Structure formats: structure tokens, C-alpha cells
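Residue numbers (the numbering used here): 476 to 617.
By construction, the Cβ of each residue, glycine as well, lies at the ideal position given by its N, Cα and C atoms.
Everything numeric in this text was worked out from a predicted model, so none of it was measured.
To start, the structure under review is shown below, and the notes come after it.
Written out as C-alpha cells, the structure is:
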């Protein structure tokens with residue numbers, strides 16, 4: 476059961492316009508459409524994604540989190556949803572993994588996400604990734 480694809484995403488040219496602050500998180504679904512439709516309700520997935528975005532953004536905007544992740548680019552969260560509302564998460568960064576960022580960040584972020592109710596998935600897992608752009612907010616203007 477080896478499905479670990481550690482592929483570098485090439486050719487996404489959207490990451491040059493860093494100044495699109497507050498830009499929208501991207502979502503990329505890895506599970507083929509036919510399997511996806513068989514395994515879960517798309518509107519439930521959309522509702523879940525919306526909640527995830529809301530809670531993750533709130534977490535990433537906490538005063539004590541912002542300095543830790545400033546300048547990393549994107550926070551990348553890989554989800555795998557299983558039957559019985561089990562959620563498997565991998566959290567990473569692109570293009571830069573911030574140095575000295577403790578495991579607490581990932582643990583806290585996972586707890587934030589795991590506190591949300593995941594959609595009901597049938598028969599087999601569904602995988603997707605979400606990318607959260609880190610806004611480079613340097614609070615000069617007060």
C-alpha cells in the first residue's frame with residue numbers, strides 16, 4: 476500500500492505575486508473525481524473545507540503564531556479522510572520550512588483541524604491538500 480508521492484509541484488506560476496495579501500487558500504484534490512463522488516458528498520467536502528479555512532486562518536493570524544511562520548510562503552496541509560470521520564493530517568511548508576519552528580505549531584494546527592467534524596466518507600479514503608498563503612504583514616501602520 477505505498478501511495479507516498481513526494482512530488483515537487485512544478486510549473487505553478489501563481490507564487491510570484493507574493494503581495495496578494497489575504498489571498499485565498501488553494502485546494503487540490505488528489506482522489507480521482509469518480510472515486511470522490513462515490514466516497515463522499517461534494518457539498519459536505521466543500522462545507523468542511525470552508526470551516527477548515529476559517530479555523531486555520533484564525534490560528535495562523537494569532538499574534539504568537541505570526542512571527543513563527545513569517546516569510547515561509549505557504550503552509551501546506553495534506554488531508555486524508557477515512558470512514559468513521561478519521562482524519563489523517565500532514566503539515567508542511569513551501570517553499571521554505573521555517574527554522575526552529577517547534578512541533579507545537581503542527582500539533583496545535585492539527586488539533587484545530589481535528590476539532591472540526593469531517594465529512595462522512597464511504598469505503599475508502601479521500602485525499603486533498605490545502606495551501607494557505609502566509610501574508611507578510613509587518614505592522615508598520617498603527
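On the CB-based measure, 16 or more other CB atoms within 10 Å of its CB, does residue 608 come out buried or exposed? Start at 1 with the first residue of the chain shown, and residue 608 comes out as number 133. Buried.
Does DSSP put residue 550 in a helix, a strand or coil? The residue you call residue 550 lines up with position 75 of the chain shown. Strand at residue 550.
Counting contacts by CB-CB distance shorter than 9 angstroms, is residue 590 in contact with chain B? Given the protein chain composition of this structure (a single chain), no chain B is represented.
Looking at the unbroken alpha helix (DSSP H) that takes in residue 534, where does it start and where does it end? For the purposes of this step, residue 534 is taken as the residue at position 59 of the chain shown. Element bounds for residue 534: 517-535.
Count the other CB atoms within 10 Å of the CB of residue 567; is the residue buried (16 or more) or exposed (fewer)? Position 92 of the chain shown, counted from the start, is the residue given in the question as residue 567. With fewer than 16 Cβ atoms within 10 Å of its Cβ, residue 567 is classed as exposed.
Out of 539, 563 and 517, point me to the one whose CA is closest to residue 579's CA. Residue mapping note: residue 579 aligns to position 104 of the chain shown, counting from 1. When each option's Cα is compared against that of residue 579, the closest is 539.
Cα-Cα separation, residue 546 to residue 537: As a working mapping, residue 546 is identified with position 71 in the chain shown. As a working mapping, residue 537 is identified with position 62 in the chain shown. For residue 546 and residue 537, the distance between alpha carbons rounds to 15 angstroms.
Assigned secondary structure, residue 496 (DSSP; H/G/I helix, E/B strand, else coil): For the purposes of this step, residue 496 is identified with residue 21 of the chain shown, where counting begins at 1. For residue 496, the predicted structure reports a pLDDT of 46, less than 50, and the residue's modelled location is therefore unreliable. A value from the coordinates is still provided. Note: residue 496 maps to coil in three-state DSSP.
How long is the line joining the alpha carbons of residue 599 and residue 576, rounded to whole angstroms? Locating residue 599 in the chain shown gives position 124, where the first residue counts as 1. Locating residue 576 in the chain shown gives position 101, where the first residue counts as 1. About 34 angstroms.
Using 8 angstroms as the Cβ pair cut-off and three pairs as the minimum, do the region 579-589 and the region 504-516 touch? no
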